[in-house]
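Visitor:
Protein chains: 2
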Amino acid sequence: MKKEVKIGLIGYGTIAQGVVRLLKENKKEIQSRLGAQLKLVGVADKDWKRKRKYPLEKSLRLNDAYQLINNPEIDIIIELVGDFPGVAEMLIDSLKAGKSVVTANKAVLAKYGKKIFQTAVRTGSQIFFEASVGGGIPVLRALRTGLCANQIQEIYGIVNGTCNYIITEMEQGRGEYKDVLKEAQRLGYAEADPGADVEGIDALHKLVILVLLGYGVSLDINKIYREGISDLSLLDFRTAQDLGYRLRLLAIARQENGFIDARVHPTLIPANSLLAKVEGVYNAIYVRGNFVGPTLFYGQGAGMEPTASAVVSDVMELARNLLSGKKSSRIKPSGYYQENPRQLKFKPIEELKMPYYLRLWVLDQPGVLAKISGILARHKISIRSVIQREGREGDSVPLVIITHLALEKSVQKAVREINRLKVVIQPAKVIRILTELEK
Amino acid sequence: MKKEVKIGLIGYGTIAQGVVRLLKENKKEIQSRLGAQLKLVGVADKDWKRKRKYPLEKSLRLNDAYQLINNPEIDIIIELVGDFPGVAEMLIDSLKAGKSVVTANKAVLAKYGKKIFQTAVRTGSQIFFEASVGGGIPVLRALRTGLCANQIQEIYGIVNGTCNYIITEMEQGRGEYKDVLKEAQRLGYAEADPGADVEGIDALHKLVILVLLGYGVSLDINKIYREGISDLSLLDFRTAQDLGYRLRLLAIARQENGFIDARVHPTLIPANSLLAKVEGVYNAIYVRGNFVGPTLFYGQGAGMEPTASAVVSDVMELARNLLSGKKSSRIKPSGYYQENPRQLKFKPIEELKMPYYLRLWVLDQPGVLAKISGILARHKISIRSVIQREGREGDSVPLVIITHLALEKSVQKAVREINRLKVVIQPAKVIRILTELEK
Numbered sequence: 025m026k027k028e029v030k031i032g033l034i035g036y037g038t039i040a041q042g043v044v045r046l047l048k049e050n051k052k053e054i055q056s057r058l059g060a061q062l063k064l065v066g067v068a069d070k071d072w073k074r075k076r077k078y079p080l081e082k083s084l085r086l087n088d089a090y091q092l093i094n095n096p097e098i099d100i101i102i103e104l105v106g107d108f109p110g111v112a113e114m115l116i117d118s119l120k121a122g123k124s125v126v127t128a129n130k131a132v133l134a135k136y137g138k139k140i141f142q143t144a145v146r147t148g149s150q151i152f153f154e155a156s157v158g159g160g161i162p163v164l165r166a167l168r169t170g171l172c173a174n175q176i177q178e179i180y181g182i183v184n185g186t187c188n189y190i191i192t193e194m195e196q197g198r199g200e201y202k203d204v205l206k207e208a209q210r211l212g213y214a215e216a217d218p219g220a221d222v223e224g225i226d227a228l229h230k231l232v233i234l235v236l237l238g239y240g241v242s243l244d245i246n247k248i249y250r251e252g253i254s255d256l257s258l259l260d261f262r263t264a265q266d267l268g269y270r271l272r273l274l275a276i277a278r279q280e281n282g283f284i285d286a287r288v289h290p291t292l293i294p295a296n297s298l299l300a301k302v303e304g305v306y307n308a309i310y311v312r313g314n315f316v317g318p319t320l321f322y323g324q325g326a327g328m329e330p331t332a333s334a335v336v337s338d339v340m341e342l343a344r345n346l347l348s349g350k351k352s353s354r355i356k357p358s359g360y361y362q363e364n365p366r367q368l369k370f371k372p373i374e375e376l377k378m379p380y381y382l383r384l385w386v387l388d389q390p391g392v393l394a395k396i397s398g399i400l401a402r403h404k405i406s407i408r409s410v411i412q413r414e415g416r417e418g419d420s421v422p423l424v425i426i427t428h429l430a431l432e433k434s435v436q437k438a439v440r441e442i443n444r445l446k447v448v449i450q451p452a453k454v455i456r457i458l459t460e461l462e463k
Numbered sequence: 025m026k027k028e029v030k031i032g033l034i035g036y037g038t039i040a041q042g043v044v045r046l047l048k049e050n051k052k053e054i055q056s057r058l059g060a061q062l063k064l065v066g067v068a069d070k071d072w073k074r075k076r077k078y079p080l081e082k083s084l085r086l087n088d089a090y091q092l093i094n095n096p097e098i099d100i101i102i103e104l105v106g107d108f109p110g111v112a113e114m115l116i117d118s119l120k121a122g123k124s125v126v127t128a129n130k131a132v133l134a135k136y137g138k139k140i141f142q143t144a145v146r147t148g149s150q151i152f153f154e155a156s157v158g159g160g161i162p163v164l165r166a167l168r169t170g171l172c173a174n175q176i177q178e179i180y181g182i183v184n185g186t187c188n189y190i191i192t193e194m195e196q197g198r199g200e201y202k203d204v205l206k207e208a209q210r211l212g213y214a215e216a217d218p219g220a221d222v223e224g225i226d227a228l229h230k231l232v233i234l235v236l237l238g239y240g241v242s243l244d245i246n247k248i249y250r251e252g253i254s255d256l257s258l259l260d261f262r263t264a265q266d267l268g269y270r271l272r273l274l275a276i277a278r279q280e281n282g283f284i285d286a287r288v289h290p291t292l293i294p295a296n297s298l299l300a301k302v303e304g305v306y307n308a309i310y311v312r313g314n315f316v317g318p319t320l321f322y323g324q325g326a327g328m329e330p331t332a333s334a335v336v337s338d339v340m341e342l343a344r345n346l347l348s349g350k351k352s353s354r355i356k357p358s359g360y361y362q363e364n365p366r367q368l369k370f371k372p373i374e375e376l377k378m379p380y381y382l383r384l385w386v387l388d389q390p391g392v393l394a395k396i397s398g399i400l401a402r403h404k405i406s407i408r409s410v411i412q413r414e415g416r417e418g419d420s421v422p423l424v425i426i427t428h429l430a431l432e433k434s435v436q437k438a439v440r441e442i443n444r445l446k447v448v449i450q451p452a453k454v455i456r457i458l459t460e461l462e463k
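As given, the protein sequences belong to chains Y and U, one line each in that order. Just so we're aligned: the first sequence equals residues 25 to 463 in the working numbering. Just so we're aligned: the second sequence equals residues 25 to 463 in the working numbering.
Structure representation (structure tokens):
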């Protein structure tokens with residue numbers, strides 16, 4: 025029996041430093057679980073001058089990823105470079121070179137997953153990517169193994185810690201979006217260029233991966249509706265609370281009647297649901313299967329240590345396979361041998377029906393509500409309640425309208441008309457409502 | 025490639041009926057995930073006269089488990105008999121016959137696991153038992169795979185749905201223990217003979233399994249402190265809420281400084297912790313690892329369908345192994361190749377330190393508190409607060425004392441002395457407090 029599994033690591037950023045620390049600090053656990061050692065052979069990075077919290081010993085430093093990929097000694101390649109040109113090729117070349125591969129790279133998987141996964145299937149090499157969604161939370165494994173007997177019916181994920189931090193700070197009244205974002209940047213919870221997080225791009229990447237593993241469906245990332253959190257205001261949070269809701273940025277994927285829908289947007293969810301209790305940088309993924317019912321997976325969705333936990337757990341599972349002589353796998357990375365078993369068709373957001381929250385700033389004059397409700401009525405959108413809140417700003421006052429079930433397409437059209445009214449001071453903010461979230 | 029994996033099912037109770045239904049209803053998902061069929065060859069049960077919600081077709085009915093165990097055609101045996109004599113032998117004989125085995129039998133695993141698992145290791149046959157803890161929640165897999173790179177530091181589990189239902193009903197003031205139990209029995213959430221649930225025996229069995237998979241430690245079930253919920257009163261729930269706590273029956277296992285402790289008892293936990301939000305028959309297992317940090321796994325802990333989800337997911341993972349030519353495994357059922365890597369020593373509850381809640385009924389006369397606090401002081405237990413609640417019953421009044429950190433052994437001694445006081449009307453109820461539960 026092989027007593028050592030050799031690892032090459034590409035990229036030496038924050039998570040990679042966590043991986044190297046974990047391999048050292050938890051050596052005993054790893055060895056006792058594997059009956060073998062994991063040996064780090066080398067780490068490739070283009071820039072060894074950059075300051076790091078945990079510098080790497082010089083003997084392990086390499087400058088070129090292909091020194092690892094082309095090294096026949098190496099069994100497992102860990103890729104922790106991030107969303108850069110050439111990284112998809114590194115993954116593909118590693119698989120072609122017969123390596124087992126671990127990556128945390130949601131962006132590259134969401135964009136180039138099809139090609140990468142096809143290479144894995146063709147070469148028989150395995151690729152694991154637990155760290156790409158939910159950081160340390162083993163939710164991808166749950167979809168691939170622990171819940172695999174189910175038809176998955178719903179996935180609702182709080183999968184971006186930066187957004188959830190900003191949202192829960194606003195919920196607690198700490199300030200408007202811009203101030204809270206600044207504080208998050210100061211604390212290191214948001215990047216200097218926060219776009220990928222706050223515009224929901226990161227959540228979208230993760231959603232694509234969740235859909236693949238949950239439903240066996242490869243979605244075109246460009247078809248999926250995405251909306252970030254940057255135009256939420258304190259007013260929305262206060263109104264949500266008054267109505268018994270909380271606001272969360274959700275990655276949503278549901279199947280029903282032969283259709284699958286998938287989208288990322290701020291969502292009003294019942295205040296008494298478990299997802300509503302998920303605060304700060306934590307992540308949680310709610311998964312409902314037709315036999316298991318509702319489940320929830322909760323933990324730290326980012327950070328050096330939780331992400332390293334997922335990466336090394338992947339490495340260990342691949343090492344177990346190698347050690348028991350099972351290098352290749354006959355299942356695809358998605359966990360599906362034949363994808364899309366129920367032949368689900370994608371339903372674009374325009375065709376969905378749900379209740380809506382519309383927040384408007386309007387001139388405080390007679391007849392405004394009549395105009396707005398007239399437009400809604402013409403689009404067959406019926407109003408459940410109208411809330412006029414305090415908070416006059418100059419001539420204008422806030423107006424919140426909650427609708428009954430309405431067709432997204434109609435809401436979009438109605439809102440475009442409403443925004444053209446002269447009495448409407450700024451574009452309406454539309455927030456989708458999830459009324460039921462089964463315990 | 026083999027296109028069919030053959031299954032034999034022992035026992036045809038509620039869960040087994042769920043398994044048979046799942047195999048039919050989710051046939052498409054199963055086949056598309058495996059690239060093969062699961063074929064149920066036969067079901068053995070001693071009593072086919074009993075009425076069942078989902079009767080089995082006659083052609084599959086057998087009377088003797090050994091017709092399956094000795095059938096060379098069968099690849100996987102599912103055991104769903106329950107805690108009866110001879111069942112451990114059936115599991116052992118199945119493994120010896122070269123079958124892969126799936127069981128939900130926490131009682132048999134907790135009591136005879138050592139022998140069963142040794143047989144698995146010796147024969148190279150695999151045994152999976154996800155359904156034995158947390159019903160449909162894939163927490164055992166998380167410990168064995170998704171979190172396997174961690175040193176597990178804490179496990180806190182709400183693992184008995186019957187108890188959690190009774191507790192959360194009492195929390196909502198629906199009645200004292202006996203009335204709520206009766207209602208739970210009427211609704212089918214508690215058995216006619218509820219002892220195994222309400223006395224914490226079921227939770228204890230599950231704890232033994234969690235400890236094995238989390239820490240790689242086989243604990244003697246007789247060494248573990250166990251206390252049920254039958255002497256909790258509404259007074260305790262109200263006082264807990266006033267103090268910012270909730271009451272839950274927890275299965276606890278922690279490691280620290282080379283020691284492991286494990287116990288089952290009602291526990292006061294912070295009201296703002298996620299575990300405190302787990303209500304009704306739901307289960308949740310909080311796991312903290314040294315890299316992943318705190319995680320939580322939530323879902324339905326019992327019932328026909330969630331349990332069937334776990335059983336068939338196990339079957340599918342074993343089938344994947346068989347289909348890829350990997351019948352046997354070199355890892356033990358615990359997920360550890362060498363158990364107890366950190367050489368943890370068991371620390372009995374008497375040696376633990378924590379804060380305590382003491383509920384007393386005392387005569388309403390001068391000097392009572394002086395006597396009680398004198399005894400506590402003599403045992404070096406310092407008082408954090410004394411709460412005198414309304415609710416006189418005859419001559420006696422309720423008195424609640426919250427202590428600072430105290431040694432369990434000292435508390436037990438002090439309480440024995442206190443109970444001997446003539447002014448103390450009924451034995452003190454001691455409830456242990458978990459002050460910190462990291463998010």
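Backbone N, C-alpha and C define an ideal beta-carbon position, used for all residues, glycine too.
Establish whether the CB of Y/Thr192 and some CB of chain U are separated by less than 8 Å.
Guide: Taking Cβ atoms only, chain U never reaches closer than 8 Å to Y/Thr192, which makes this a no.
Visitor: Can you list, in chain order, the residues of the segment 315 to 333 of chain Y whose Cβ is nearer than 7 Å to any Cβ on chain U?
Guide: Against chain U - using a Cβ distance shorter than 7 Å - the residues of the segment 315 to 333 of chain Y are Phe315, Val316, Gly317, Pro318, Thr319, Leu320, Phe321, Tyr322, Gly323, Gln324, Glu329, Pro330, Ala332, Ser333.
Visitor: Of all the CB atoms in chain U, is at least one closer than 8 Å to the CB of Y/Thr169?
Guide: Yes, its Cβ sits closer than 8 Å to a Cβ of chain U.
Visitor: Applying a beta-carbon distance threshold of less than 9 Å, which residues of chain Y neighbour U/Pro357?
Guide: Correct list: empty, because the minimum Cβ distance to chain Y is about 13 Å.
Visitor: Tell me which residue opens and which closes the beta strand (DSSP E) that U/Leu256 is part of.
Guide: Counting along the chain, U/Leu256 falls outside any beta strand (DSSP E), and DSSP gives it neither H nor E.
Visitor: Going by beta carbon distance, what residues of the same chain come within less than 7 Å of U/Lys120, once the five residues before and after it are set aside?
Guide: Contacts found: Thr143, Thr147.
Visitor: Using a Cβ-Cβ distance cut-off of 8 Å, determine whether Y/Gln175 contacts chain U.
Guide: Answer yes: the Cβ-Cβ gap between Y/Gln175 and chain U drops below 8 Å somewhere.
Visitor: Are any of the Cβ atoms in chain Y nearer than 8 Å to that of U/Arg344?
Guide: Yes, U/Arg344 counts as interfacial toward chain Y.
Visitor: By DSSP, does U/Ser83 sit in helix, in strand, or in coil?
Guide: Helix, per DSSP.
Visitor: Please go through the same chain and pick out, in chain order, the residues whose beta-carbon is closer than 6 Å to the beta-carbon of Y/Gln265, but skip the five residues on each side of it.
Guide: Same-chain partners within the cutoff: there are none.
Visitor: Mark Y/Ser406 as exposed unless 16 or more other C-beta atoms lie within 10 angstroms of its C-beta, in which case mark it buried.
Guide: Classification of Y/Ser406: exposed, given that the 10 Å Cβ count is below 16.
Visitor: In this structure, what does DSSP give as the bridge partners for U/Arg250?
Guide: Bridge partners of U/Arg250: U/Val288.
Visitor: Quick one: give me the first and last residue of the beta strand (DSSP E) that U/Gln324 is part of.
Guide: It spans 317 to 324 - the beta strand (DSSP E) in which U/Gln324 sits, taken as one unbroken run.
Visitor: Could you list which residues in chain U have their beta carbon closer than 9 Å to that of Y/Ser56, in chain order?
Guide: What Y/Ser56 touches in chain U: Gly240, Tyr360, Tyr361, Gln362, Glu363, Asn364, Pro365, Arg366.
Visitor: Give, in chain order, every unbroken run of the beta strand (DSSP E) that is at least 3 residues long and sits entirely within the segment 378 to 408 of chain Y.
Guide: List check, beta strand (DSSP E) in window: 380 to 387.
Visitor: Need the endpoints of the alpha helix (DSSP H) that Y/Arg272 sits in, please.
Guide: No alpha helix (DSSP H) holds Y/Arg272; the beta strand (DSSP E) holding it covers 269 to 280.
Visitor: Tell me which residues share the same chain as U/Met328 and place their Cβ nearer than 7 Å to its Cβ, disregarding the 5 neighbours each side in the sequence.
Guide: Only Thr38, Ile39, Gln41, Gly42 meet the Cβ criterion.
Visitor: Taking the Cβ atom as the reference point for each residue, do U/Pro318 and U/Tyr306 lie within a distance shorter than 8 Å?
Guide: No, the Cβ-Cβ distance between U/Pro318 and U/Tyr306 is not below 8 Å.
Visitor: Since I believe Y/Asn87 is in contact with Y/Glu103 (beta carbons under 8 Å), could you give me their beta-carbon distance rounded to a whole number of angstroms?
Guide: Not confirmed; about 16 Å, so no contact.
Visitor: When the Cα of Y/Glu436 is compared with those of Y/Glu215, Y/Ile355, Y/Arg402, which residue comes out closest?
Guide: The question names Glu, but residue 436 of chain Y is Gln in the sequence shown. Comparing Cα positions, the closest option is Y/Arg402.
Visitor: Nearest-angstrom Cα distance between U/Met194 and U/Tyr201?
Guide: U/Met194 and U/Tyr201: Cα-Cα distance of roughly 7 Å.
Visitor: Among residues of its own chain, excluding the 5 on either side of U/Ile179, which ones have a beta-carbon nearer than 6 Å to its beta-carbon?
Guide: These residues qualify, in order along the chain: Leu234, Gly238, Ala277, Val311.
Visitor: Say whether the segment 447 to 459 of chain Y touches the segment 370 to 388 of chain Y, bearing in mind that this needs 3 or more beta-carbon pairs closer than 8 Å, one atom from each stretch.
Guide: Touching, yes.
Visitor: Which word fits Y/Met25, buried or exposed, when buried means at least 16 other C-beta atoms lie within 10 angstroms of its C-beta?
Guide: Confidence at Y/Met25 is low in this model, with a pLDDT of 49, below 50, so the placement of that residue is unreliable and no value is reported for it.
Visitor: Just to confirm, are Y/Leu92 and Y/Ala68 a CB contact at a threshold of 8 Å?
Guide: Cβ atoms of Y/Leu92 and Y/Ala68: closer than 8 Å.
Visitor: Does any C-beta atom of chain Y lie closer than 8 Å to the C-beta of U/Ser337?
Guide: U/Ser337 counts as touching chain Y.
Visitor: Could you please give the first and the last residue of the uninterrupted beta strand (DSSP E) stretch that includes U/Ser124?
Guide: That run of the beta strand (DSSP E) goes 124 to 127.
Visitor: So with Cβ pairs under 8 Å, would you call U/Ala166 a contact of chain Y?
Guide: Answer yes: the Cβ-Cβ gap between U/Ala166 and chain Y drops below 8 Å somewhere.
Visitor: Just to confirm before moving on: does the CB-CB distance between Y/Val132 and Y/Asp99 stay below 8 Å?
Guide: Contact: no.
Visitor: Please look up how many angstroms separate the CB atoms of Y/Asp260 and Y/Leu267, rounded, as I've assumed it's under 8 Å.
Guide: In fact, because the Cβ distance is near 11 Å, the residues do not count as touching under 8 Å.
Visitor: Once DSSP output is grouped into helix, strand and coil, what is the label at Y/Gln177?
Guide: Three-state DSSP puts Y/Gln177 in a strand.
Visitor: Can you list, in chain order, the residues of its chain whose CB lies under 7 Å from that of Y/Gly349, leaving out five sequence neighbours each side?
Guide: Closer than 7 Å at the Cβ level, and outside the excluded window around Y/Gly349, lies no residue.
Visitor: Helix, strand or coil: which one does DSSP assign to U/Thr427?
Guide: DSSP places U/Thr427 in strand when its eight states are reduced to three.
Visitor: Any contact of the segment 381 to 388 of chain Y with the segment 422 to 432 of chain Y, i.e. 3+ C-beta pairs under 8 Å?
Guide: Counting Cβ pairs under 8 Å, three or more are found: they touch.
Visitor: So is U/Gly32 buried or exposed if we call it buried at 16+ other beta carbons inside 10 Å?
Guide: Looking at its Cβ environment, which holds 16 or more other Cβ atoms inside 10 Å, U/Gly32 is buried.
Visitor: Considering only their Cβ atoms, is the gap separating Y/Val232 from Y/Ile253 smaller than 8 Å?
Guide: Taking 8 Å as the Cβ cut-off, Y/Ile253 and Y/Val232 do not qualify as a contacting pair.
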